[in-house]
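With positions in the sequence shown counted from 1, the corresponding number in the numbering used here is that position plus 15.
Glycine included, every Cβ here is placed at the ideal spot set by N, Cα and C.
Model, not experiment: these values are computed from the prediction.
Read the structure below first, then the notes.
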Amino acid sequence: MIKVMISGGGTGGHIFPALAIANAIKEKYAGSEFLFVGAIGKMEMEKVPAAGYKIIGLPITGIARSLSFKNLVFPFKLLKSIRISKRLIREFKPDVVVGVGGFASGPLLYAASKMGIPTLIQEQNSYPGITNKILAKRVDKVCVAYDGMDRFFPKEKIRFTGNPIRKDITSLSGKRERGLEQFGFDGSKKIIFVTGGSLGSKTLNESAAAALRSLEEKGIQLLWQTGLAYSAQAQEMLKHFPQLKALSLPFIKEMDYAYAIADVVISRAGAGALSELCMVQKASILVPYPFAAEDHQTKNAQALVTHKAALMIADQEAQEKLFAMAIALVTNDEERQKLEMNISKLAVYDAAETIASEVYNLAGVRR
16 MIKVMISGGG
26 TGGHIFPALA
36 IANAIKEKYA
46 GSEFLFVGAI
56 GKMEMEKVPA
66 AGYKIIGLPI
76 TGIARSLSFK
86 NLVFPFKLLK
96 SIRISKRLIR
106 EFKPDVVVGV
116 GGFASGPLLY
126 AASKMGIPTL
136 IQEQNSYPGI
146 TNKILAKRVD
156 KVCVAYDGMD
166 RFFPKEKIRF
176 TGNPIRKDIT
186 SLSGKRERGL
196 EQFGFDGSKK
206 IIFVTGGSLG
216 SKTLNESAAA
226 ALRSLEEKGI
236 QLLWQTGLAY
246 SAQAQEMLKH
256 FPQLKALSLP
266 FIKEMDYAYA
276 IADVVISRAG
286 AGALSELCMV
296 QKASILVPYP
306 FAAEDHQTKN
316 AQALVTHKAA
326 LMIADQEAQE
336 KLFAMAIALV
346 TNDEERQKLE
356 MNISKLAVYD
366 AAETIASEVY
376 NLAGVRR
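Structure representation (structure tokens):
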């Protein structure tokens, strides 16, 4: 049994790996205790309790890229978050503290390293975020998902593990029929699945909206995860295309069923999404979010494109070209099968279990 604090969040790309790591530790080391630490008002404050774990929020926020009053109060929020983190560490007495990226992990990992607690960070992307780059000098272990990360992190601290993903996605065997039934689709017709991540994507949503008539005319079905902000608008649009078999949802919890029925997936290029696409072996078109820090989504996507494992289109070209590309791909069985075969070779299995072992080894150092 070990006691572990896990911090980070802001998006599903940080939250789901954190939960996967906790679940793997709990499975391997029975009786382990966990405390999550997030940022007040962010998604993790809802998703983590829903998964059965306790979470405490810090008042920390990110730094705005433009001149903003928020940047003036950032130092005060940071200092307060560090003070709270130290108190939480003294109360919980963790054996190890784990950070998964996002600004919420900064104060806790900094405090833990100052207090002599073993620390580990997990970097999902091919280009690390600023929080992890700063923390890397202080932590004991850095788990990464891409080669060549010694450009950013001390080589002696790096362990290649891949990205942890939700366990229900690791096998789609037997799930296609159940997925077709759950979402109400016809298994004899092609299905395009559009997902802009847990928060949705304006570009992908507008591109899908512009393609509804073409999809209706060609008899191609559409599963459309819109995010909450675009949900009502998408549902209203679909009323004007009664012959189009389509379903729009603000959020899809059963992503394993969604992947199981998809012939082609259109997605942003966050690291978590790409790890899932490799695992489920789906032909994919990636549209990197152009405002991601250091343009890391383009770098993530390029890693797949280099291996001929996915197609990529720039955000500014998506509304005009994305669905023409998707329709061409979904109707070309040979091209789809090539992409599926190539992306399957990039899947990394047992990432969460490997990280769980690293966490346990660090706990042993302290004991």
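Do you know whose CA, among the options, lies nearest residue i's CA?
i    : options                : result
L187 : Y161, P109, V295       : V295
A378 : D365, G67, E192, T134  : T134
I30  : A224, A307, C158, G116 : G116
E196 : E231, I276, S299, N347 : I276
L262 : E269, M270, L253       : L253
I207 : E368, S216, I342       : I342
N347 : D310, I75, A298, K101  : A298
L50  : F167, E42, S100        : S100
F139 : L337, G131, K92, A288  : For the record, residue 139 in the displayed sequence is Gln; it is not Phe. It is A288.
L264 : T210, V302, Y304, P305 : T210
Is residue i helix, strand or coil when you go by DSSP?
i    : result
I383 : This structure cannot settle anything about residue 383, because the visible part of the chain is limited to 16 through 382.
G53  : strand
K260 : coil
G199 : coil
D58  : The question names Asp, yet the displayed sequence has Met at residue 58. Coil, per DSSP.
R191 : helix
M327 : strand
A168 : In the sequence as presented, Ala is not what sits at residue 168; that position holds Phe. DSSP places F168 in coil when its eight states are reduced to three.
G77  : coil
L214 : coil
S186 : coil
I180 : coil
K18  : strand
F31  : helix
V363 : coil
With residue i as the anchor, note down where its alpha helix (DSSP H) starts and where it stops.
i    : result
E221 : 217-225
I145 : 145-150
G130 : Before going further, note that residue 130 is Met rather than Gly in the sequence given. Run containing M130: none; DSSP gives neither H nor E here.
F338 : 333-345
V320 : 311-321
What are the boundary residues of the beta strand (DSSP E) that includes residue i?
i    : result
L301 : 299-301
L135 : 134-138
G114 : 111-114
T210 : 206-210
V159 : 156-159
R351 : Taken as a continuous stretch (DSSP letters only), R351 belongs to no beta strand (DSSP E), being part of the alpha helix (DSSP H) at 348-359.
Q250 : No beta strand (DSSP E) contains Q250, which is instead part of the alpha helix (DSSP H) from 246-253.
Using 8 Å as the threshold, is the C-beta distance between residue i and residue j below it?
i    : j    : result
G177 : A160 : yes
I136 : L123 : no
A119 : G163 : no
Y44  : I70  : no
R351 : V280 : no
A324 : L361 : yes
N38  : K182 : yes
P179 : A65  : no
A249 : W239 : yes
I370 : I55  : no
N315 : A284 : yes
Between residue i and chain B, is any beta-carbon pair separated by less than 8 Å?
i    : result
K314 : This model lacks chain B altogether; it includes just one protein chain.
Within 7 Å: the Cβ of residue i and any heavy atom of the ligand HEM?
i    : result
A126 : The ligand content of the structure shown is nil, which means the ligand HEM is not present either.
Between residue i and residue j, how many whole angstroms is the CB-CB distance? I'm expecting something under 8 Å.
i    : j    : result
L319 : M340 : Their Cβ separation, rounded to whole angstroms, is 15 Å, which puts L319 and M340 out of contact at 8 Å.
G27  : M58  : 7 Å
E373 : K156 : 6 Å
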